[in-house]
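Numbering (our numbering), first residue to last: 10 to 310.
Ideal placement from N, C-alpha and C gives every residue a C-beta, glycine not left out.
Every value quoted in this text rests on a predicted model; they were computed, and no experiment measured them.
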């Protein structure tokens, strides 16, 4: 016998439209019973954990499950250019342009090496004390070092000598000459003092000529230029002697008036030649250094 209150609707989980396990409209929209996604798909058909089921850009490296856009360190899951290393361009070099420092060539961003000491003939020019080798000129030499160097290069006619080397020695020689002159005056021309002065002049003759030749080399001139001022002086002396002889002949009545005039003229010419010799000597020895004078150097001599 049927229940008069039964109208065909089954309580509980039954669907009024006769479909079991469905919602009130005949379907549950493909949902699972736990109701995880309102549209029946686990995050649009993709595994759960990320709202879109994958790394934001399709990469899996370095992503956590917390934020859909959160990656470990790199937003792209790898080094931006796929190269290992901490350098953003994948090069392990400390040089920002990836070039390891080459010998003698500083890279970009690197400390340049110290400039090497000047070289003469392929050898180190200066010692630890800053003194150049004996065969090389010493520019800016001090007074005592110039005197020591003068005697060390006693008979060295090759190589070069700086202006300071020459003129410091010239000053020292003038001082020694003045001392001998004072001693000679104080001793009334003592033969001992005169003998010592003669010995000194002979002792410094050869190194003096050698120094003068090296000074010419430093100005890129041949050593024969040393003879020019001495030649003018010798010529001046000869002319003055001739003029003096002509004056003596004129005074004795053998040369006449013309002989006396000519003798005066010769003496004047000789005096001018003497001055020219001194000026030429100064001009030659104060000449500036010429780098091409290095052709006179002999590093291995």
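Counting only the same chain and skipping the five closest in sequence on each side, list residues whose C-beta sits under 8 Å from that of residue i.
i, result
"residue 163", "215, 216 and 219"
"residue 280", "245 and 249"
"residue 297", "172 and 228"
"residue 154", "140 and 147"
"residue 161", "143"
Out of the options, point me to the one whose CA is closest to residue i's CA.
i, options, result
"residue 213", "228, 159 and 174", "159"
"residue 184", "209, 302 and 282", "209"
"residue 234", "289, 252 and 298", "289"
"residue 236", "206, 157 and 293", "293"
"residue 9", "308, 142, 165 and 242", "Limits of the chain in this structure are 10 at one end and 310 at the other, which puts residue 9 out of reach."
"residue 252", "148, 273, 240 and 243", "273"
"residue 283", "299, 256 and 238", "238"
"residue 300", "247, 278, 240 and 230", "230"
Compute the Euclidean distance between the alpha carbons of residue i and residue j, then round it to the nearest angstrom.
i, j, result
"residue 187", "residue 194", "11 Å"
"residue 286", "residue 179", "17 Å"
"residue 228", "residue 303", "10 Å"
"residue 260", "residue 152", "52 Å"
"residue 189", "residue 211", "14 Å"
"residue 191", "residue 139", "38 Å"
"residue 199", "residue 207", "12 Å"
"residue 305", "residue 205", "35 Å"
"residue 144", "residue 307", "7 Å"
"residue 242", "residue 276", "13 Å"
Within a Cβ cutoff of 6 Å, which residues of the same chain sit near residue i, ignoring the five residues on either side of it in sequence?
i, result
"residue 390", "Limits of the chain in this structure are 10 at one end and 310 at the other, which puts residue 390 out of reach."
"residue 27", "Low per-residue confidence applies at residue 27: pLDDT is 43, beneath 50, and the placement is therefore not dependable, though the value from the model is reported in the following sentence. Excluding residues within five positions, none has a Cβ falling inside 6 Å."
In its own chain, which residues sit with a C-beta less than 7 Å from the C-beta of residue i, not counting the 5 before and 5 after it?
i, result
"residue 175", "220, 224 and 294"
"residue 312", "The first residue shown for the chain is 10 and the last is 310, placing residue 312 beyond what the model contains."
| message | Count Cβ pairs between the stretch 158-174 and the stretch 220-232 that sit closer than 8 Å; are there 3 or more? | response | yes
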